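I have placed the structure first, in the form of structure tokens, so that the comments after it can refer back to it.
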Amino acid sequence: MVEVNGLLEVFQVQRHDFLNHLQVISGLLQLNKGERVRDYIQQVSKEYEMLSRITRIKSPEIKAVLLIANNEATKYQVQFQYDIQTTMESLAVPGEVVSSSLNQCIKHALKFLAPPEVSDRRLKLSINEGEKKITIKLGFPGVPAEVVKDAEERMALSEALAAYNSSSQLAVTEKEAEIYLIFPKN
Numbered sequence: 001m002v003e004v005n006g007l008l009e010v011f012q013v014q015r016h017d018f019l020n021h022l023q024v025i026s027g028l029l030q031l032n033k034g035e036r037v038r039d040y041i042q043q044v045s046k047e048y049e050m051l052s053r054i055t056r057i058k059s060p061e062i063k064a065v066l067l068i069a070n071n072e073a074t075k076y077q078v079q080f081q082y083d084i085q086t087t088m089e090s091l092a093v094p095g096e097v098v099s100s101s102l103n104q105c106i107k108h109a110l111k112f113l114a115p116p117e118v119s120d121r122r123l124k125l126s127i128n129e130g131e132k133k134i135t136i137k138l139g140f141p142g143v144p145a146e147v148v149k150d151a152e153e154r155m156a157l158s159e160a161l162a163a164y165n166s167s168s169q170l171a172v173t174e175k176e177a178e179i180y181l182i183f184p185k186n
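Numbering (the working numbering), first residue to last: 1 to 186.
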């Protein structure tokens with residue numbers, strides 16, 4: 001189940017950010033910096049456009065997990081990069097199942113990326129829709145391969161997903177680890 005407190009925190013942070021944006025715009029206008037206001041609004045608009053890719057996802061559970069993940073990544077100074085190319089409308093698996101698996105993966109990734117000694121703090125997410133499946137790829141550079149393998153063993157995602165004709169896979173190179181969650185389409 002989605003963490004209600006985490007979602008409430010997302011709303012609180014977004015409200016705070018919105019008020020900060022208004023203050024910055026107001027200050028720039030008072031200084032007659034019209035061009036800077038325009039640039040600032042364009043910058044903020046790009047940020048919100050990226051965030052809207054999450055909010056276009058049809059499953060409320062998946063949407064909530066990603067909004068919370070974005071907020072958590074910011075708290076740990078992890079750069080959360082995402083490329084979402086689908087609304088996941090044709091997902092044949094309940095949103096709760098996908099969100100639970102995704103949440104588990106993201107929490108483990110943030111746990112490994114959060115310590116101060118980790119220098120490459122990026123978490124990369126992509127969601128793509130193929131002809132018969134939807135693939136979620138979660139990549140994190142800078143995390144030792146043995147740590148990722150250990151996490152995969154503890155998560156045991158494949159067993160839980162098999163009941164839904166879904167799977168998880170792990171790909172590890174010297175530079176990056178990637179977890180794939182693969183779900184069928186309707």
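Glycine is no exception: its CB is placed at the ideal position from the N, C-alpha and C atoms. Note that the structure is a prediction, hence the values are computed from the model and not measured.
Residue interval of the alpha helix (DSSP H) (run including L28): As a working mapping, residue 28 is identified with position 28 in the sequence shown. Run containing L28: V4 to Q30, per the alpha helix (DSSP H) assignment.
Exposure label - L66; buried when at least 16 CB within 10 Å: Here residue 66 corresponds to residue number 66 of the sequence shown, with the count starting at 1. L66 comes out buried.
Nearest neighbour of Q42, chosen from R122, H21, K175 and L7 [CA to CA]: Here residue 42 corresponds to residue number 42 of the sequence shown, with the count starting at 1. Residue nearest to Q42 within the set R122, H21, K175 and L7 is H21 (criterion: CA-CA distance).
C-alpha distance - E9 paired with L29, whole-angstrom precision: By one-based count along the sequence shown, residue 9 stands at place 9. By one-based count along the sequence shown, residue 29 stands at place 29. The alpha-carbon atoms of E9 and L29 are separated by roughly 30 Å.
The stretch 172-180 in contact with the stretch 126-142 per 3-pair CB rule at 8 Å: These segments touch.
Inter-residue Cα distance where the pair is E3 and R38: Position 3 of the sequence shown, counted from the first residue, corresponds to residue 3. Position 38 of the sequence shown, counted from the first residue, corresponds to residue 38. Cα-Cα distance, rounded: 37 Å.
Proximity test, T74 beta-carbon vs the ligand GDP heavy atom, cut-off 7 Å: Looking for the ligand GDP in the displayed structure turns up nothing, as the structure carries no ligands at all.
Spatial distance of I54 from S119 (CA atoms): For the purposes of this step, residue 54 is identified with residue 54 of the sequence shown, where counting begins at 1. For the purposes of this step, residue 119 is identified with residue 119 of the sequence shown, where counting begins at 1. Distance from the CA atom of I54 to the CA atom of S119, rounded to whole angstroms, is 27 Å.
Touch test, the stretch 128-135 against the stretch 61-79, Cβ-Cβ under 8 Å, three pairs minimum: No, the stretch 128-135 is not in contact with the stretch 61-79.
Residues that R56 bridges to, as DSSP identifies them: Counting from 1 along the sequence shown, the entry for residue 56 is found at position 56. Note: R56 sits in no beta bridge, so no partner.
Where E72 falls, given that 16 or more other Cβ within 10 Å makes a residue buried: Along the sequence shown, one-based indexing puts residue 72 at 72. E72 is buried by the Cβ-count criterion.
Residue from S101, D83 and V78 whose Cα sits closest to the Cα of N122: Against the sequence shown, residue 122 aligns to sequence position 122. Reading the sequence as shown, one finds Arg at residue 122 and not Asn. For R122, the nearest C-alpha among the options comes from V78.
Cβ neighbour criterion (16 or more within 10 Å) applied to N70: Taking the sequence shown and counting its residues from 1, one reaches residue 70 at position 70. Buried is the call here.
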